[in-house]
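> Counting from 0, one number per residue, gives the positions in the sequence shown under numbering that gives the first Met the number 0.
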Amino acid sequence: MTSFQLITILFSITIYTLHRYVTRRVDAPQPVTAPSIPESSVFTISKEDIHPAAEFHVPRIPYGEDTIVKIIHDIYRIYLQLNYLSPWEIIWPPEHGHAINQALGREELGLDFAVISLMKRLPYFRDYGFSAQGPFFPHSEMFVYLEDDQIRAGRDPEHWKFQEPKLDSLLPHEIALSSLTDEGHHLILDIKENTIRVWSFNEPPAGDDPDNYRMYSPHHAPTFLASHLERIRSLELIPSGSKNFRWLFDKRYPDYPKLKKILQEQYGWPYDFREEEWMAVSKVTWERIIREEPGFETEHDNDEPLDLDEY
């Protein structure tokens, strides 16, 4: 075979191959069929499930009294550490619980046993007068269920103090943990739901009835309480325990950076906290800052005045 014949054959094969490549039918890609999903795994929301606040609902773990008690105890302890509260002001529950008036709670008011059980296990101020001197939650003071009048008042946290409370305002399985201070909030714990509702003076609930507190968006109770505890631990809220004034200061307060820096850098909060040193000077320190008098002294203050200009 000559070279010319070989070249002719190779050229013919090349032309034939190109023709087949260009003219062959190209099939369109077929759509991929999604796997079928069992009906039991489809998540649906009915109209009844949609909360007025457009919440995303998931099943909540059941109410656990031990969890609620532990978090509230921890909040009291951190207030004591920071000298916001004094030990003599607080009555801790004895081993078998406080002597709550169960006849009043069960027979007269028809409260669930779980509500009374929780009342028995909470710490309280020695009397309501101490509770009213400063907020436990922002704009909210704790009820003192050691007192019969407070048990009745707790059934209608919205009532004015000169009025008789409506004893059926809350459901039997609900307990008001705290009531508003000036234009603040009531915190209502629903034991059956394991939720807390923040009943606000300035923000009425959804709907036409401004007194229907159950239209407020519910919060998971342990998460809500733990969030408050963490805000204090991180000094997002700073409890001021001055002699004549108690408050929970946040970033809106002009001296907030100064308060935070003193606690963290001078007294080592929270991991290297010089608690005894802080106990000795905290009251007068807050007095000096709040009064804007760096040299302010009290008859019980033997410490040298702090140089607040450093902060």
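Just so you know, even glycine gets a beta-carbon here, dropped at the ideal spot from N, CA and C.
Taking 7 Å as the limit between beta carbons, can you name the residues of its chain near residue 109, skipping five residues before and five after?
Scanning its chain for C-beta atoms nearer than 7 Å, with the 5 sequence neighbours on each side dropped, one finds around residue 109 the residues 171, in chain order.
> Ignoring anything shorter than 4 residues or poking outside the segment 68-135, list the alpha helix (DSSP H) runs there in chain order.
112-120 and 127-130
> Could you name each continuous beta strand (DSSP E) segment of 3 residues or more that falls completely within the segment 233-290, going from the start of the chain to the end?
237-240 and 245-248
> I'd like the list of long-range same chain contacts for residue 94, defined as Cβ closer than 6 Å, with 5 residues on each side in sequence excluded.
none
> Count the other CB atoms, across all protein chains shown, that sit within 10 Å of the CB of residue 102; report buried if there are 16 or more and exposed otherwise.
exposed
> Between the beta-carbon of residue 193 and the beta-carbon of residue 220, is there less than 8 Å?
yes
> Assuming residue 134 and residue 89 are in contact, meaning their beta carbons sit under 8 Å apart, how far apart are those beta carbons, in whole angstroms?
Not really, about 15 Å apart at Cβ, beyond 8 Å.
> Closest to residue 212 by C-alpha separation, out of 138, 223 and 199, would be which residue?
199
> Rank 56, 111 and 145 by C-alpha distance to the C-alpha of residue 190 and give the top, closest one.
111
> Please classify residue 270 as buried or exposed, where buried requires at least 16 other C-beta atoms within 10 Å of its C-beta.
Residue 270 is exposed by the Cβ-count criterion.
> Are the segment 139-158 and the segment 171-190 in contact at 8 Å, needing three or more beta carbon pairs?
With the cut-off at 8 Å, the segment 139-158 and the segment 171-190 touch.
> Express the C-alpha separation of residue 140 and residue 179 in angstroms, rounding to a whole number.
6 Å
> When you compare only the Cα positions, how much space is there between residue 74 and residue 223?
12 Å
> Kindly indicate the opening and closing residues of the alpha helix (DSSP H) around residue 175.
Here residue 175 belongs to no alpha helix (DSSP H); instead the beta strand (DSSP E) covers 173-179.
> Within this structure, are the beta carbons of residue 268 and residue 234 separated by less than 8 Å?
yes
> May I ask which residues mark the beginning and end of the beta strand (DSSP E) holding residue 147?
Unbroken run through residue 147 is the alpha helix (DSSP H), 147-152; no beta strand (DSSP E).
> According to DSSP, which residues form a beta bridge with residue 141?
177
> Closest to residue 72 by CA distance: which of 120, 61, 114 and 58 is it?
120
> Tell me residue 189's beta-bridge partners as DSSP assigns them.
173 and 194
> Using DSSP bridges, identify the partner residues of residue 184.
199
> In the structure shown, what three-state DSSP assignment does residue 56 receive?
coil
> Given a cut-off of 8 Å, decide if residue 62 and residue 99 are closer than it, judged by their beta-carbon atoms.
no
> Cα separation between residue 225 and residue 107?
33 Å
> Please classify residue 286 as buried or exposed, where buried requires at least 16 neighbouring CB atoms within 10 angstroms.
buried
> Take residue 35 and list the residues in its own chain whose beta-carbon comes closer than 8 Å to its own, dropping the five residues that flank it on each side.
Low confidence applies to residue 35: its pLDDT is 41, below 50, so where it sits in the model is not reliable, and the reading given next is rough at best. Around residue 35: no qualifying Cβ.
> Is it true that the CB of residue 238 sits closer than 8 Å to the CB of residue 127?
no
> Starting from the C-beta of residue 241, find all residues in its chain whose C-beta is less than 7 Å away, skip the five residues before and the five after it, and write them out in chain order.
282, 285, 286 and 289
> Answer yes or no: do residue 56 and residue 136 have a C-beta to C-beta separation smaller than 8 Å?
no
> On the three-state DSSP scale, how would you describe residue 219?
Secondary structure of residue 219 (DSSP, three-state): strand.
> What separation, rounded to the nearest whole angstrom, lies between the Cα atoms of residue 105 and residue 181?
Put simply, the backbone Cα of residue 105 is about 31 Å away from that of residue 181.
> Taking residue 251 as the reference, give the member of 244, 236 and 206 with the closest Cα.
236
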